[in-house]
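Residue numbers (this note's numbering), protein chains in the order written: chain A, 31 to 130; chain B, 25 to 383.
Here you go:
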């Protein structure tokens with residue numbers, strides 16, 4: 031089973047209704063960008079706690095937003111991959127081998 | 025369902041968007057905390073009062089304030105002083121703030137940047153380190169700072185900061201002791217690839233002591249220093265022309281953004297709308313930030329002028345350094361006009377705007 035946990039070097043901040051990810055170890059001026067999450071991205075970020083499986087996460091989102099599971103699986107995994115790429119989360123696999 | 029996304033919005037675009045939203049909703053997105061009023065330098069123009077008797081906020085009190093302002097939506101946080109690096113617990117405070125997710129600007133004179141401090145800051149860099157630059161020779165720099173040997177320590181601090189790729193910016197208070205090195209300072213900053221800004225408007229101390237005012241440049245000097253460099257003159261002209269297009273005729277005393285989405289906290293925990301204002305002096309040791317910003321600040325911002333002033337119809341209003349808070353300090357009247365400031369503003373308008381846009 032695959033889980034994700036937040037990296038402690040990325041801090042989330044709610045500022046004027048925007049959920050912003052602020053990297054602590056990188057230089058924001060060098061990055062020339064700030065990561066902002068939309069409402070759904072923010073909800074997924076909330077659910078990432080190191081113990082919720084990806085399957086549970088997808089199931090929670092499909093129930094809350096009444097969306098097609100296949101589409102949600104694709105969109106959510108793509109989003110998680112993006113978060114991993116920017117160093118906001120790390121994945122861990124328990125009782126299995128992580129698929130590439 | 026809208027797809028979850030992480031748009032890598034350009035920093036400037038994000039900043040502008042948040043400020044726009046915050047401006048209409050009174051969210052305290054920008055804050056300054058004076059970590060200490062103590063300093064290892066004794067600059068002649070400094071506005072900080074001699075406050076050794078003031079009881080500085082302790083680490084726990086500062087963390088409590090940082091928790092409150094983070095909850096209220098503060099993102100850009102400036103640590104100022106005095107010299108923030110004189111605090112023995114500076115690293116603890118800084119780390120706490122970094123992990124709350126603030127974009128930290130650190131005001132410093134750089135003379136206390138040691139190899140260990142440079143390494144510490146490089147591990148979790150601030151958003152900006154805003155360094156005061158007072159001169160390009162030891163003689164001039166130390167005339168301003170009053171401390172022998174401080175120029176060498178400054179240069180070593182800068183070398184370390186550059187070596188660690190820290191996000192430096194320079195700012196200069198241009199006074200009659202260092203004006204002759206103004207262009208050298210600009211050239212040096214440019215050669216290092218470091219942004220440089222300057223201020224030629226010297227205020228009195230925040231306790232009303234007018235000693236710093238004697239170091240102010242005369243209006244004609246302010247103009248000629250900026251006019252004699254073609255590139256600078258063009259950029260001043262562009263900026264002032266832009267400012268003049270914004271009209272802000274209203275009956276209120278405060279026309280700036282102080283207290284709207286900005287705030288200032290003194291080293292002994294008083295919350296004010298800006299550094300020069302002692303209003304409302306809301307004590308964060310006994311009362312909440314929320315109450316001060318949302319209940320008390322609007323009352324300060326609602327103060328109206330009590331009499332007509334020529335400033336209200338002055339074409340140079342938007343390029344003028346007039347500030348009701350410093351007018352209280354210097355002249356005891358928030359509506360009093362500073363004749364020198366007035367003359368400077370009109371000369372600036374005439375030189376950099378009207379001559380370029382006749383008619």
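Think of the CB as a built atom: it goes at the ideal place given N, C-alpha and C, for glycine as much as any other residue. Computed from a prediction, not measured in an experiment: that's the story for all the values here.
Classification of residue 356 (chain B) by the beta-carbon crowding that lies within 10 angstroms, buried from 16 upward: On the second chain, residue 356 (chain B) is found 332 positions in, with the first residue counted as 1. Exposed, by the Cβ-count rule.
Taking just the CA atoms, how far does residue 198 (chain B) sit from residue 103 (chain B)? Counted from its first residue, the second chain places residue 103 (chain B) at position 79. Counted from its first residue, the second chain places residue 198 (chain B) at position 174. Looking at the two C-alpha atoms, the distance is approximately 22 angstroms.
Looking only at C-alpha atoms, which of B:378, B:354, B:202, B:136 sits nearest to residue 265 (chain B)? On the second chain, residue 265 (chain B) is found 241 positions in, with the first residue counted as 1. Minimum Cα distance to residue 265 (chain B) is reached at B:378.
Can you grab the Cα-Cα spacing for the pair residue 37 (chain A) / residue 55 (chain A), in whole Å? Mapped onto the first chain, residue 37 (chain A) falls at position 7. Mapped onto the first chain, residue 55 (chain A) falls at position 25. Their Cα atoms are separated by approximately 11 angstroms.
Suppose contacts are defined by Cβ-Cβ distances below 8 angstroms. Is residue 164 (chain B) in contact with residue 133 (chain B) by that definition? The count along the second chain starts at 1 and reaches residue 164 (chain B) at position 140. The count along the second chain starts at 1 and reaches residue 133 (chain B) at position 109. In this structure, residue 133 (chain B) does not lie closer than 8 angstroms to residue 164 (chain B) by Cβ.
Would you kindly report the start and end of the unbroken alpha helix (DSSP H) that includes residue 308 (chain B)? Taking the first residue of the second chain as position 1, residue 308 (chain B) is located at position 284. From DSSP, residue 308 (chain B) is part of no alpha helix (DSSP H); its letter is neither H nor E.
Please list the terminal residues of the continuous alpha helix (DSSP H) segment that includes residue 246 (chain B). Sequence index remark: in the second chain, residue 246 (chain B) carries index 222 (1-based). That run of the alpha helix (DSSP H) goes 243-251.
Residue 56 (chain B) in three-state terms, based on DSSP: On the second chain, position 32 is the one that residue 56 (chain B) refers to. In the structure shown, residue 56 (chain B) sits in a strand (DSSP, three-state: E or B).
Taking the C-alpha atoms as reference points, what is the distance between residue 119 (chain A) and residue 143 (chain B)? Reading the first chain from its first residue, position 89 is the one you call residue 119 (chain A). Reading the second chain from its first residue, position 119 is the one you call residue 143 (chain B). Spanning the two alpha carbons is a distance of roughly 26 angstroms.
Secondary structure of residue 83 (chain A), DSSP reduced to three states: The residue given as residue 83 (chain A) occupies position 53 in the first chain. Residue 83 (chain A): strand per DSSP, three-state reduction.
Let me confirm a value: residue 261 (chain B) is counted as buried when at least 16 other C-beta atoms fall within 10 Å, else exposed. Which label applies? The residue given as residue 261 (chain B) occupies position 237 in the second chain. With 16 or more Cβ atoms within 10 Å of its Cβ, residue 261 (chain B) is classed as buried.
Whole angstroms is fine: what's the gap from residue 145 (chain B)'s alpha carbon to residue 123 (chain B)'s? Locating residue 145 (chain B) in the second chain gives position 121, where the first residue counts as 1. Locating residue 123 (chain B) in the second chain gives position 99, where the first residue counts as 1. Approximately 13 angstroms, taken between the alpha carbons.
Identify, in the order they occur along the chain, each residue of the same chain with its Cβ nearer than 6 angstroms to the Cβ of residue 122 (chain A), setting aside the five sequence neighbours on each side. As a position in the first chain, residue 122 (chain A) is number 92, starting the count at 1. Around residue 122 (chain A): 33.
Exposed or buried, which one is residue 216 (chain B) when buried takes at least 16 other CB atoms within 10 Å? Your numbering for residue 216 (chain B) matches position 192 in the second chain. The residue is exposed, with fewer than 16 neighbouring Cβ atoms inside 10 Å.
Check for me: the beta strand (DSSP E) holding residue 286 (chain B) runs from which residue to which? The count along the second chain starts at 1 and reaches residue 286 (chain B) at position 262. 286-289 is the extent of the beta strand (DSSP E) around residue 286 (chain B).
Mind checking whether residue 343 (chain B) and residue 303 (chain B) have CB atoms under 8 angstroms apart? Looking up residue 343 (chain B) in the second chain gives position 319. Looking up residue 303 (chain B) in the second chain gives position 279. Against a cut-off of 8 angstroms, the Cβ pair of residue 303 (chain B) and residue 343 (chain B) comes out as no contact.
Could you tell me which chain B residues have their CB closer than 8 angstroms to the CB of residue 120 (chain A), listed as they occur along the chain? The residue labelled residue 120 (chain A) in the question sits at position 90 within the first chain. None at all; the shortest Cβ gap to chain B is about 16 angstroms.
Using beta carbons (cut-off 8 angstroms, strictly below), is residue 130 (chain A) in contact with chain B? For the purposes of this step, residue 130 (chain A) is taken as residue 100 along the first chain, with counting starting at 1. Because residue 130 (chain A) sits at a pLDDT of 39, beneath the cut-off of 50, its placement in the model cannot be relied upon, and the following sentence gives the value as read from the coordinates. Not closer than 8 angstroms to any Cβ of chain B, the Cβ of residue 130 (chain A) fails to qualify, so no.
Hey, residue 353 (chain B) and residue 287 (chain B): beta-carbon distance below 8 angstroms or not? As a position in the second chain, residue 353 (chain B) is number 329, starting the count at 1. As a position in the second chain, residue 287 (chain B) is number 263, starting the count at 1. No, these two residues do not count as a Cβ contact at 8 angstroms.
Kindly confirm or deny that the region 231-241 of chain B and the region 56-71 of chain B touch, where touching means at least three C-beta pairs closer than 8 angstroms. yes
Distance between beta carbons of residue 66 (chain A) and residue 48 (chain A), contact taken as under 8 angstroms: Along the first chain, read from residue 1 onward, the residue named residue 48 (chain A) stands at position 18. Along the first chain, read from residue 1 onward, the residue named residue 66 (chain A) stands at position 36. Indeed they touch by this definition, with Cβ atoms about 5 angstroms apart.
If you follow the beta strand (DSSP E) that residue 221 (chain B) is in, where does it begin and where does it stop? Walking along the second chain from the start, residue 221 (chain B) turns up at place 197. Segment 219-223, the beta strand (DSSP E) holding residue 221 (chain B).
Sort B:212, B:227, B:228, B:335 by Cα distance to residue 221 (chain B) and report the nearest one. Within the second chain, the letter at position 197 stands for residue 221 (chain B). When each option's Cα is compared against that of residue 221 (chain B), the closest is B:212.
Tell me which residues share the same chain as residue 98 (chain A) and place their Cβ nearer than 7 angstroms to its Cβ, disregarding the 5 neighbours each side in the sequence. Taking the first residue of the first chain as 1, we reach residue 98 (chain A) at position 68. Excluding sequence neighbours, residue 98 (chain A) sits near nothing in its chain.
Cα-Cα separation between residue 77 (chain A) and residue 87 (chain A), rounded to whole angstroms: Taking the first chain and counting its residues from 1, one reaches residue 77 (chain A) at position 47. Taking the first chain and counting its residues from 1, one reaches residue 87 (chain A) at position 57. Using only the alpha carbons, I get a separation of about 7 angstroms.
Helix or strand or just coil, what does DSSP make of residue 102 (chain B)? Your numbering for residue 102 (chain B) matches position 78 in the second chain. The answer is strand: DSSP assigns residue 102 (chain B) an E or B state.
Residue closest to residue 223 (chain B), alpha-carbon to alpha-carbon, out of B:241, B:168, B:116, B:231: As a working mapping, residue 223 (chain B) is identified with position 199 in the second chain. Nearest option by C-alpha distance: B:241.
Tell me, to the nearest whole angstrom, how far the beta carbon of residue 360 (chain B) is from that of residue 349 (chain B); I am working on the premise that it is less than 8 angstroms. For the purposes of this step, residue 360 (chain B) is taken as the residue at position 336 of the second chain. For the purposes of this step, residue 349 (chain B) is taken as the residue at position 325 of the second chain. Going by Cβ atoms, the distance from residue 360 (chain B) to residue 349 (chain B) rounds to 12 angstroms, so no, they are not a contact pair.
C-beta contact flag for residue 65 (chain B) and residue 171 (chain B) at 8 angstroms: Within the second chain, residue 65 (chain B) is the residue found at index 41, counting from 1. Within the second chain, residue 171 (chain B) is the residue found at index 147, counting from 1. Cβ distance < 8 angstroms, so residue 65 (chain B) and residue 171 (chain B) count as in contact.
Which same chain residues end up closer than 8 angstroms to residue 92 (chain A) when comparing Cβ atoms and leaving out the 5 residues on each side of it in sequence? Within the first chain, the letter at position 62 stands for residue 92 (chain A). 98, 99, 102, listed in sequence order.
Minimum C-alpha distance to residue 99 (chain B) - residue among B:52, B:86, B:109: For the purposes of this step, residue 99 (chain B) is taken as residue 75 along the second chain, with counting starting at 1. Comparing alpha carbon positions, the residue from B:52, B:86, B:109 closest to residue 99 (chain B) is B:52.
What is the rounded straight-line gap between the Cα of residue 369 (chain B) and the Cα of residue 130 (chain B)? The residue labelled residue 369 (chain B) in the question sits at position 345 within the second chain. The residue labelled residue 130 (chain B) in the question sits at position 106 within the second chain. Using only the alpha carbons, I get a separation of about 30 angstroms.
What is the DSSP secondary structure of residue 154 (chain B), counted as helix, strand or coil? Taking the second chain and counting its residues from 1, the one referred to as residue 154 (chain B) is at position 130. Three-state DSSP puts residue 154 (chain B) in a strand.
Excluding the 5 residues preceding and the 5 following residue 316 (chain B) in the sequence, name in chain order all residues of the same chain whose CB lies nearer than 6 angstroms to its CB. Here residue 316 (chain B) refers to the residue found at position 292 of the second chain. 295, 306.
Can you give the beta carbon distance from residue 345 (chain B) to residue 365 (chain B), rounded, assuming they're within the 8 angstroms contact cut? The sequence position of residue 345 (chain B) within the second chain is 321, counting from 1. The sequence position of residue 365 (chain B) within the second chain is 341, counting from 1. Going by Cβ atoms, the distance from residue 345 (chain B) to residue 365 (chain B) rounds to 5 angstroms, so yes, they are a contact pair.
Relative to the C-alpha of residue 120 (chain B), which residue among A:41, A:124, A:72 is closest? In the second chain, residue 120 (chain B) corresponds to position 96, counting from 1. Among A:41, A:124, A:72, the Cα nearest to that of residue 120 (chain B) is on A:41.
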